[in-house]
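Engineer: Structure below; questions to follow.
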Amino acid sequence: MYSKAAKGWMKHLDFIILDLVCLELALFFAYHIRLGSLNLLGSLLYRNMLIILFLIEISVVFFFETFKNVLKRSFYREVTVTLKHDCLVVLLSSFYLILTQNGDNYSRIVLILTGVIYFLLSLSLRYVWKKYLLHCKGQSMGSRSLVIVTTESLIGQTIAAIRENNYQRFRIAGIVATDRNMAGQWVDGIPVVADTAGAADYVCRQWVDEVLINLPPGTPICADLIRQFMEMGVTVHFKLVDARDMLTRKQFMERLGNYTVLTTSLGLYSARQQAMKRLLDILGGLTGCVITLALLLFVGPCIYIKSPGPVFFSQIRVGRNGKKFKIYKFRSMYLDAEERKKELLESNRVSSGMMFKLEWDPRIIGSEKGPGRGIGNFIRKYSIDEFPQFFNVLKGEMSLVGTRPPTVDEWEKYDLHHRARLAVKPGLTGMWQVSGRSKITDFEQVVSLDKQYITEWNFALDIKILLKTVLVVLGKEGSM
């Protein structure tokens, strides 16, 4: 019988429970230090706070995945992650008290002490528990016996690959060479125990928990041998692809029709992660739409007076995986802007033509007064022209954070690797916008930053980019 490793919440349930205990104990100790009583449960206010802290702790773990790779983190990294986790819990608790107007009923010192004690308790117990788990893993070193079935040319490579990422789980008991009888020989300290004909008998008579089959592409699968292993109840692993040959290690098995397939992509997000991102988009989209309507009352008349015509500008853009959609903006340019674009192509700061950026764009409303002057430059400087895109976000055509959608003519010039930008929904803001905005004129750098966002995405990264975007816009560092 084979035990699958736990994933998601179950993988680090022990650390979650440990942290919850630390947090509740921290509130008890803080209550005693400040108010001189251990009867916290006798107070309805603080009894409610126990429940609130429990829910906040679960939410932080759920949304920010603070226990990801917890066993592999260094002590310094653990300190920083624990501190961030602690600060999030305290900040969200404070926000709750402000929102419910209950702040005056609670002692601020109790809340601060809870945060300090929680950090010290959590860091200490995480460290001790990690040491214990690693000790147990060391005690069970080589507790599972593995036989490798492969060809002569792949023996050394396979042994090295298992040892490199073994995490001390396996003891390599022997090698079965499928293309030559090498029984009795040794390779890298591992005995060759049989050829294909004698493999089943060896596994039947020896201590073997699992078998790894690693054959070159095009080699016939040893179906009969696999069937014999299965009849003996031995777990069989069959190598489909070498992760080192892939652009990404984000892979999983699934069913497609009647086929079992290995699925891989630059970015693989779980249903939970997608739901979290969409929830953020809906909340942000609703808020942004309300702000857009308020801005319309002030910006709309200014645009119309300076350049009579539609207040809004719409354009076909290319979205996720090449799907086209109509993007909306406040109009910051004169009505003939698209016709005049051809005259200005030579002044494009992006020499490749993959994006269109000018040092001074005469098509912007009011630009005849000089660079940076007029209503058009004003709304672009503060990215006010982008606000109608919150309607695109609400419709699901865009996301708050993603890659900026190219125009159709830009998209038609894309090379193969440029298309990676379209692997996610286009966003109002993104990695490259907060890394230089209009100062970046090298399109390859834009593509690199966008691919970094796609491969490294998590919920916390979106929050970080959104906060940076606010700072960048207030700093007036060019338009997005």
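Residue numbering for the sequence shown follows the UniProt record's numbering, beginning at 1 and increasing consecutively. C-beta atoms are modelled at their ideal positions from N, C-alpha and C, and glycine is treated no differently. The model shown is predicted, which means the values in this text are computed figures rather than measured ones.
1) Would you tell me roughly how many angstroms separate the C-alpha atoms of Thr260 and Leu240, rounded to the nearest one?
2) Which partner residues of Ser145 appear in the DSSP bridge assignment?
3) Check Arg320 in the structure and name its three-state DSSP category.
4) Give me, in chain order, the residues of the same chain whose beta-carbon lies closer than 7 Å to that of Asp179; leave out the 5 immediate sequence neighbours on both sides.
5) Kindly indicate the opening and closing residues of the beta strand (DSSP E) around Phe238.
6) If we count the other Cβ atoms within 10 Å of its Cβ and call it buried at 16 or more, is His417 buried or exposed?
7) Pull up the distance between the alpha-carbon of Ile384 and that of Gln274, whole angstroms please.
8) Taking only runs of the beta strand (DSSP E) that begin and end inside the region 350-416, which ones reach a length of at least 3 residues, in chain order?
9) Which term fits Cys22, buried or exposed, when burial requires 16 or more other beta carbons within 10 angstroms of its beta carbon?
10) From Met480 to Leu97, what distance separates their C-alpha atoms?
11) Nearest CA to the CA of Ile213: which residue from Trp207, Leu461, Thr158 and Gly284?
12) With a 10 Å radius around its C-beta and 16 neighbouring C-beta atoms as the bar for buried, classify Trp432 as buried or exposed.
13) Where Gln333 and Cys87 are concerned, what is the direct C-alpha to C-alpha distance, given to the nearest angstrom?
14) Should Phe443 go down as buried or exposed, given a rule of 16 or more other Cβ atoms within 10 Å for buried?
15) Assign Val424 to one of two classes, buried (16 or more other C-beta atoms within 10 Å of its C-beta) or exposed (fewer than that).
16) Could you say which of Asp19, Arg331, Pro406 and Phe330 lies nearest to Arg126 if we only look at CA atoms?
17) In whole angstroms, give me the CA-to-CA distance for Gly478 and Leu344.
18) Of all the options Glu412, Trp360, Gly319 and Trp457, which has the alpha carbon lying nearest to the alpha carbon of Val393?
19) For Ile17, does the three-state DSSP call read helix, strand or coil?
20) For Tyr259, which residues does DSSP report across the bridge?
21) Is the number of C-beta pairs between the region 180-192 and the region 226-233 that are closer than 8 Å three or more?
22) Tell me which residue opens and which closes the beta strand (DSSP E) that Asp195 is part of.
23) Would you mind working out which of Glu386, Gly267, Leu133 and Arg77 sits nearest Ile291, comparing C-alpha positions?
24) In this structure, how does DSSP classify Trp129 when only helix, strand and coil are distinguished?
25) Using the Cβ count rule (16 or more neighbours within 10 Å means buried), how would you classify Asn48?
26) Just curious, the alpha helix (DSSP H) that Thr158 is in, first and last residue?
27) Mark Thr263 as exposed unless 16 or more other C-beta atoms lie within 10 angstroms of its C-beta, in which case mark it buried.
28) With distance defined between alpha-carbon atoms, name the residue in Val90, Tyr46, Leu35 and Leu123 nearest to Ile16.
29) Does the beta-carbon of Val470 have 16 or more other beta-carbons within 10 angstroms, so that it is buried, or is it exposed?
30) Based on Cα-Cα distance, which residue from Lys72, Val110 and Leu38 lies nearest to residue 481?
31) Could you tell me if Phe298 is buried or exposed, where buried requires 16 or more neighbouring beta carbons within 10 angstroms of its beta carbon?
32) What residue range does the beta strand (DSSP E) around Leu428 cover?
33) With H, G and I counted as helix, E and B as strand and the rest as coil, what does DSSP make of Met480?
34) Report the rounded CA-to-CA distance for Val187 versus Ile155, giving the unit in angstroms.
Structural biologist: On the basis of the coordinates in this document:
1) 11 Å
2) Arg171
3) helix
4) Thr151 and Glu152
5) Thr235 to Phe238
6) exposed
7) 28 Å
8) Whole beta strand (DSSP E) segments, 3+ residues: 399-401.
9) buried
10) The predicted model places Met480 with a pLDDT of 46, which falls under 50 and marks its position as unreliable; any figure quoted below should be read in that light. Each residue's Cα considered, the two are about 36 Å apart.
11) Thr158
12) buried
13) It is worth fixing the name first, because residue 333 is Met in this sequence and not Gln. Met333 and Cys87: Cα-Cα distance of roughly 44 Å.
14) buried
15) buried
16) Asp19
17) With a pLDDT of 46 at Gly478, under the threshold of 50, the modelled position of that residue is not reliable, and the figure given next carries that caveat. If I take the Cα positions, the gap works out to 19 Å.
18) Gly319
19) helix
20) Leu256
21) no
22) Ile190 to Asp195
23) Ile291 has its Cα closest to that of Glu386, out of Glu386, Gly267, Leu133 and Arg77.
24) helix
25) Counting Cβ neighbours within 10 Å, Asn48 comes out exposed, since fewer than 16 surround it.
26) Ile155 to Glu164
27) exposed
28) Leu123
29) Within a 10 Å sphere around the beta-carbon of Val470 sit fewer than 16 other beta-carbons, which makes this residue exposed.
30) For residue 481 there is no data in the structure shown, the boundaries of the chain being 1 and 480.
31) Exposed, since its Cβ has fewer than 16 Cβ neighbours within 10 Å.
32) Gly427 to Thr429
33) At Met480 the pLDDT is 46, less than 50, meaning the model places this residue with poor confidence; the figure from the coordinates comes in the next sentence. Of the three classes helix, strand and coil, the one that applies to Met480 here is coil, per DSSP.
34) 8 Å
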